[in-house]
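In our numbering, the protein residues as written are 6 to 130.
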């Protein structure tokens with residue numbers, strides 16, 4: 006069983022909550038060498054690709070409060086309805102699909118330790 010069998014085409018985004026978006030963008034760019042992908046910019050979100058790693062990204066989410074351990078790793082899929090249904094069929098409790106704006110849809114689920122994971126579908130281009 007592979008991720009492609011479960012989700013179809015996918016990529017992976019790990020969400021990191023931050024309190025100062027622009028300062029964090031500078032830090033992740035300068036300190037880690039990540040590449041800002043401005044096509045995903047929203048007022049509260051910046052997303053980075055990681056050089057030499059395909060289909061994996063880190064997203065910074067502007068938040069009023071930040072607690073350690075609130076990172077949500079997210080699988081970016083082409084068909085969130087099908088990916089969600091695939092997880093449900095495997096016995097995973099998956100939350101509803103929510104439109105979070107800018108054409109992005111999200112759904113969250115937990116692993117056996119309660120860690121949050123997500124499904125995300127970007128707008129069709």
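Where is the CB? At the ideal position from N, CA and C, for every residue including glycine.
Problem - Distance between residue 18 and residue 104 (C-alpha atoms, nearest Å) - result: Here residue 104 is taken as the residue at index 99 of the chain shown, counted from 1. Here residue 18 is taken as the residue at index 13 of the chain shown, counted from 1. In a straight line, the C-alpha of residue 104 is about 17 angstroms away from that of residue 18.
Practice task
With DSSP as the reference, please indicate the residues paired to residue 20 in a beta bridge.
Solution key: Working through the chain shown from its first residue, we reach residue 20 at position 15. For residue 20, which the question treats as bridged, DSSP gives the partners 64, 77.
Handout entry: Neighbour-count burial assignment, residue 117, 16 or more Cβ in a 10 Å radius
Key = Counted from its first residue, the chain shown places residue 117 at position 112. Exposed, by the Cβ-count rule.
Exercise for the section: For residue 82, count neighbouring Cβ atoms within 10 angstroms of its own Cβ and tell me buried if that reaches 16, exposed if not. Expected result: In the chain shown, the residue the question calls residue 82 occupies position 77. Buried: at least 16 other Cβ atoms inside 10 Å.
Handout entry: Whole-angstrom distance between residue 51 and residue 45, CA atom to CA atom
Key = Position 40 of the chain shown holds residue 45. Position 46 of the chain shown holds residue 51. Cα to Cα, residue 45 sits roughly 7 angstroms from residue 51.
Handout entry: Start and end residues, alpha helix (DSSP H) containing residue 8
Key = Within the chain shown, residue 8 is the residue found at index 3, counting from 1. Taken as a continuous stretch (DSSP letters only), the alpha helix (DSSP H) holding residue 8 covers 8 to 12.
Handout entry: Segment limits, alpha helix (DSSP H) that includes residue 70
Key = Here the question's residue 70 lines up with position 65 in the chain shown. Counting along the chain, residue 70 falls outside any alpha helix (DSSP H), and DSSP gives it neither H nor E.
Problem - residue 86, enclosing alpha helix (DSSP H) - first and last residue - result: The sequence position of residue 86 within the chain shown is 81, counting from 1. Here the alpha helix (DSSP H) through residue 86 covers 85 to 94.
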